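Colleague: Residue numbers (this note's numbering): 2 to 486. Even for Gly, the Cβ is constructed at its ideal location relative to N, Cα and C. The structure presented is a predicted model; accordingly, all values stated were derived computationally and were not measured.
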RNA sequence: GGCGCUAUCGUCUAAGGGUUAGGACGGAGCCCUCUCAAGGCUCAAAUACGGGUUCGAAUCCCGUUAGCGCUACCA
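#1: For residue 135, collect the residues of the same chain with a Cβ closer than 7 Å to its Cβ; drop the 5 residues on either side in sequence, then sort them by chain order.
#2: What first and last residue would you give for the beta strand (DSSP E) that runs through residue 164?
#3: List, from N- to C-terminal side, the alpha helix (DSSP H) runs of 4 residues or more that fit wholly inside the stretch 111–163.
#4: Using DSSP with H/G/I as helix, E/B as strand and the rest coil, what is residue 292?
#5: Use the C-beta contact count for residue 164: other C-beta atoms within 10 angstroms, 16 or more gives buried, fewer gives exposed.
#6: So, are the CB atoms of residue 1 and residue 300 less than 8 Å apart?
#7: Between 4, 244, 179, 54, which has its C-alpha nearest residue 32's C-alpha?
#8: Which residues mark the beginning and the end of the beta strand (DSSP E) in which residue 203 is found?
#9: Within a Cβ cutoff of 8 Å, which residues of the same chain sit near residue 422, ignoring the five residues on either side of it in sequence?
#10: Under the rule that 16 or more other beta-carbon atoms within 10 Å means buried, what is residue 2, buried or exposed?
#11: Compute the Euclidean distance between the alpha carbons of residue 101 and residue 384, then round it to the nearest angstrom.
#12: Using three-state DSSP, classify residue 434 as helix, strand or coil.
#13: Apply the 10 Å Cβ neighbour rule to residue 335 and answer buried if 16 or more other Cβ atoms are within range, or exposed otherwise.
#14: Quick one: complete alpha helix (DSSP H) runs, 4+ long, within the stretch 380–437?
#15: Counting C-beta neighbours from all protein chains within 10 Å, is the total for residue 11 16 or more, i.e. buried, or is it exposed?
#16: Between which two residues does the beta strand (DSSP E) carrying residue 95 extend?
#17: So, for residue 13: in the same chain, excluding its five sequence neighbours on each side, which residues have a beta-carbon less than 7 Å away from its beta-carbon?
#18: Could you give the distance in angstroms between the alpha-carbon of residue 129 and the alpha-carbon of residue 221?
#19: Just to check my reading of the structure: residue 291 and residue 273 have Cβ atoms closer than 8 Å, yes? What is that Cβ distance to the nearest angstrom?
#20: For residue 487, tell me which candidate among 324, 216, 350, 242 has the shortest Cα-Cα distance.
#21: Does the Cβ-Cβ distance between residue 198 and residue 73 come in under 8 Å?
#22: Under a Cβ-count criterion, where at least 16 other Cβ atoms within 10 Å of its own Cβ denotes burial, should residue 308 be classed as buried or exposed?
#23: With distances taken from CA atoms, which of 359, 389, 206, 167 is nearest residue 17?
#24: Residue 280 to residue 214, Cα distance in whole Å?
#25: Comparing C-alpha positions only, which one of 158, 180, 34, 359 sits nearest to residue 226?
#26: If we call anything under 8 Å between Cβ atoms a contact, is residue 148 one with residue 181?
#27: Roughly how many angstroms separate the alpha carbons of residue 190 and residue 47, rounded to a whole number?
#28: Alpha carbon to alpha carbon, how far is residue 373 from residue 230?
#29: Closest to residue 145 by CA distance: which of 367, 122, 76, 75 is it?
#30: Does DSSP put residue 243 in a helix, a strand or coil?
#31: Could you please give me the residues that DSSP links to residue 36 through a beta bridge?
#32: What are the uninterrupted segments assigned as beta strand (DSSP E) that are 3 or more residues long and contained completely in the stretch 168–202, given in chain order?
#33: Could you round the C-beta distance between residue 444 and residue 438 to whole angstroms and report it? I think they count as a contact, below 8 Å.
#34: Alpha helix (DSSP H) containing residue 55: first to last residue?
#35: Can you tell me which of the three DSSP states residue 457 falls into?
#36: Residue range of the beta strand (DSSP E) that residue 263 falls in?
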């Protein structure tokens, strides 16, 4: 039974690298019929905030990829303590009474000699009895792993992505398991939890590849089976550095993509193509195709750059993400798209209950008409505002069309003509427009383009006659007359 | 500094000893056209560098360089 986990620490918003890790874990779990565990690694009480915990749920919830189990590391302190005791009892760990922060001196020493720091002198040899006595006397200490540099010359494991990995134990320092304040470090808590939750595959960022040797030591020390490891290439910012909340800000936040009007699956599709490939030139893959095709073997080893723009206001996201979103927007089943558009219009204050009831057919048809040239859901409330509301802006290019000589008069005349039209259809409107153009000796295009501008506030858009039909006779007559004022 | 990982168009990637090094985004152009998209077609654009191995290397090996990661009583 496959059990995978995503274990974010709630220190800031969920970023897209984390989301990608979650997606890969989720795909693997679903493909294998396994269990997706979400574990909030909130042992760092100082930096954890409820807001970032919520950001994780918001972000993952938005992706529409649900987890099966939820755990909070902070609630599992007893387990971590127990693991520490086991390691100490087995002699895999020892108490280090060196005052916290004293490592600063060793740091200077290390830089001078170039030799790596491995342990604080005189600590790992302290006898158990003396150690117990000092501990009982209340002397503060950190618990460190005793790297088996003599008995185990080399640590090895097979990474599903990076292949065989080996490291000399001589290069592994006596890392901390428990801090002098009694709290477990990441390494201890994470491994103790992974063991307790019976995680079978650890799929995580490549930044943990080197840490894995320490984890091997802990799993072995605990006497539990090692899980399989699969490390993912990192997501990089355009400047080539690892994506980070602090350096790259909101543009790497998952919720920023939600707020920018991305469709969850389009975004999942985009992220799944970063570091993994179906190898057959396909770019658009449904969720089921992703589940079926995903494999750890097809994950590549080089880091991927997310090409977002810091500067741009509208299209700051990676162009391919934008393109994928547009593709889904115009090709997905209209019925599936409607709820997302409804949500967007609600947020923008443009939703009318009738769109979901009496005017539902009109709503679906209109969305279908305008979606082909939209990129994000935001476009429905911005560029598409005129279809759903009477409060819409006339963009500058559209205003220019209306300002052309004679345009306003022609539209007023057209308005009068259309009032008298019995059957208001694309065909009848076109007849009237062309008749008017003929009578006034102007090209039909002049009227057509001006009409589109007056009706939709946009200089560009669908066929003007389709716009007439979508706006309807009453509103069209009004707007044409108004545009002439 | 030490240890490790990686290196194909600007970006995401395919090709894993023999290909005109393929696709996608983005860019340029053409067609279509009431505008703008969409769609169709076309073009420009890459194997980091240097050595090997081999009849033959983007592909295997070594080195260099570059980038990234780890090197905390952060996660």
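Modeller: To lay it out plainly:
#1: Around residue 135: 98.
#2: 164–169
#3: Qualifying alpha helix (DSSP H) stretches, in chain order: 129–137.
#4: helix
#5: exposed
#6: Since the first and last residues shown for the chain are 2 and 486, residue 1 lies out of range.
#7: 4
#8: 202–206
#9: The beta carbon of residue 422 sits closer than 8 Å to the beta carbons of 429, 430, 433, 474 from its chain, once the five residues preceding and following it are set aside; these are given in chain order.
#10: exposed
#11: If you draw a straight line from the Cα of residue 101 to the Cα of residue 384, it comes to about 59 Å.
#12: helix
#13: exposed
#14: Entirely contained in the stretch 380–437, the alpha helix (DSSP H) runs reaching 4 residues are, in chain order, 386–389, 397–403, 408–420.
#15: buried
#16: Start and end: 94–97.
#17: The residues are 53, 246.
#18: 21 Å
#19: Going by Cβ atoms, the distance from residue 291 to residue 273 rounds to 6 Å, so yes, they are a contact pair.
#20: No information on residue 487 is available, as it lies outside the stretch 2 to 486 that the chain covers here.
#21: no
#22: exposed
#23: 206
#24: In this structure, the alpha-carbon of residue 280 lies about 31 Å from that of residue 214.
#25: Sorting 158, 180, 34, 359 by C-alpha distance to the C-alpha of residue 226 places 158 at the top.
#26: no
#27: 16 Å
#28: 43 Å
#29: 122
#30: Strand.
#31: 4
#32: 177–179
#33: 7 Å
#34: 51–64
#35: helix
#36: Here residue 263 belongs to no beta strand (DSSP E), and DSSP marks it neither H nor E.
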